[in-house]
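Student:
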Amino acid sequence: MELFEGIESRSSVRGFISKPVSQETIRKILNAANRSPSFKNSQPWEVAVVTGAKQAELSKIVYDLAASGVAGHSEMPYPKSYPDAIEERTKIHGAKRFEALGIGRDDAALREEMRLANFKFFNAPCTLFFFMDKSLGEWSTMDIGIFIQSVALAAHGLGLGTCMQASLANYPDAIRGCLNIPDSKKLMVGMSLGYPDEKAPLNSYHSARESIDTFTRWY
Ligand SMILES: Cc1cc2nc3c(=O)[nH]c(=O)nc-3n(C[C@H](O)[C@H](O)[C@H](O)COP(=O)(O)O)c2cc1C
1161 MELFEGIESR
1171 SSVRGFISKP
1181 VSQETIRKIL
1191 NAANRSPSFK
1201 NSQPWEVAVV
1211 TGAKQAELSK
1221 IVYDLAASGV
1231 AGHSEMPYPK
1241 SYPDAIEERT
1251 KIHGAKRFEA
1261 LGIGRDDAAL
1271 REEMRLANFK
1281 FFNAPCTLFF
1291 FMDKSLGEWS
1301 TMDIGIFIQS
1311 VALAAHGLGL
1321 GTCMQASLAN
1331 YPDAIRGCLN
1341 IPDSKKLMVG
1351 MSLGYPDEKA
1361 PLNSYHSARE
1371 SIDTFTRWY
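Count along the sequence shown starting at 1, add 1160, and that's the number in the numbering used here.
What follows is the structure in structure tokens.
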């Protein structure tokens, strides 16, 4: 896939077929992403690749927490409020996604089902979790963001789909516990990875973007 085409055609995938992703393929993706730039070449990213029985065990743990209403707490703090224009985009995103799926504003049960699909990893055969050492700061967070987008693009280039999932980061203690990861590692975000199910209703929605003129100043 040509680079520009890959960048422009990637979108979040929220429904997968059951075909497993081979370890060879995952290694190829991580090797490509490992070429990502980082502050002083510090390469602060740490990745947990979770498949098979462990993935099923972990899904049950986080699903049960989310379904029973345990709010959880992300170690990546959410802002108390957003600037108006950004708040507006997040609202439009939510509304358009429900609209595309034909889910009504008052259909609390379907909305909840959609939220909980996060914790079934959208049926992906593989889930990645990205960690960094808690001693690190914002530059490393930036580095890992770059790394994660490289993972998404490399996967896309091989015909796979991804969905980055902040929702999974709400249960860091449970996830670290299940994966035997030390408490000194901050859970940044999760990512579902697999072959896209083109027929999955959740994949029918494609997000929009503002024009570059809304965020660019020219001098
Ligand atoms: C840091 C981050 C966290 C995200 N968390 C979630 C999530 O928990 N659940 C979800 O369905 N999508 C999640 N997304 C996907 C965004 O909703 C998506 O990237 C955005 O709407 C733009 O759509 P696109 O990725 O299809 O271009 C997340 C994306 C990012 C970058």
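Glycine included, every Cβ here is placed at the ideal spot set by N, Cα and C.
(1) With a threshold of 8 Å, establish whether the CB of H1233 neighbours any heavy atom of ligand 1.
(2) Helix, strand or coil, according to DSSP, for A1277 in the structure here?
(3) Is it the case that the segment 1366-1379 contacts the segment 1317-1331, given that we only count it when at least three CB pairs across the two stretches are under 8 Å?
(4) Sorted by chain position, which residues of the same chain lie with C-beta nearer than 7 Å to R1265's C-beta, five sequence neighbours on each side aside?
(5) Mapping DSSP to helix, strand and coil, what is Q1149?
(6) Tell me the rounded alpha-carbon separation between G1229 and Y1331.
(7) Grouping DSSP H, G and I as helix and E and B as strand, with all else coil, what is G1297?
(8) Considering only heavy atoms of ligand 1, does any lie closer than 8 Å to the CB of H1253?
(9) Does the separation of the CB atoms of D1293 and P1204 fall below 9 Å?
(10) In chain order, what residues of the same chain have a beta carbon less than 7 Å from the beta carbon of A1284, not counting five sequence neighbours either side?
(11) Roughly how many whole angstroms lie between the Cα atoms of A1269 and T1250?
(12) Kindly identify the DSSP beta-bridge partner or partners of S1352.
(13) Can we count S1198 as close to ligand 1, meaning its CB is less than 8 Å from some heavy atom?
(14) From P1239 to N1194, what distance separates their C-alpha atoms?
(15) Helix, strand or coil: which one does DSSP assign to K1214?
(16) Tell me V1209's beta-bridge partners as DSSP assigns them.
Tutor: By the coordinates alone:
(1) Ligand 1 never approaches H1233 closely enough for any of its heavy atoms to be under 8 Å from the residue's Cβ.
(2) Three-state DSSP puts A1277 in a helix.
(3) no
(4) none
(5) Here the chain covers residues 1161 to 1379 and nothing more, so residue 1149 does not appear.
(6) 12 Å
(7) coil
(8) Checking every heavy atom of ligand 1 against the Cβ of H1253, one is found closer than 8 Å.
(9) yes
(10) Closer than 7 Å at the Cβ level, and outside the excluded window around A1284, lie F1176, S1352, L1353 and G1354.
(11) In this structure, the straight-line span from the alpha carbon of A1269 to that of T1250 is close to 21 Å.
(12) T1287 and C1323
(13) no
(14) Counting only the Cα atoms, N1194 lies some 30 Å from P1239.
(15) helix
(16) Bridge pairing for V1209: L1288 [DSSP].
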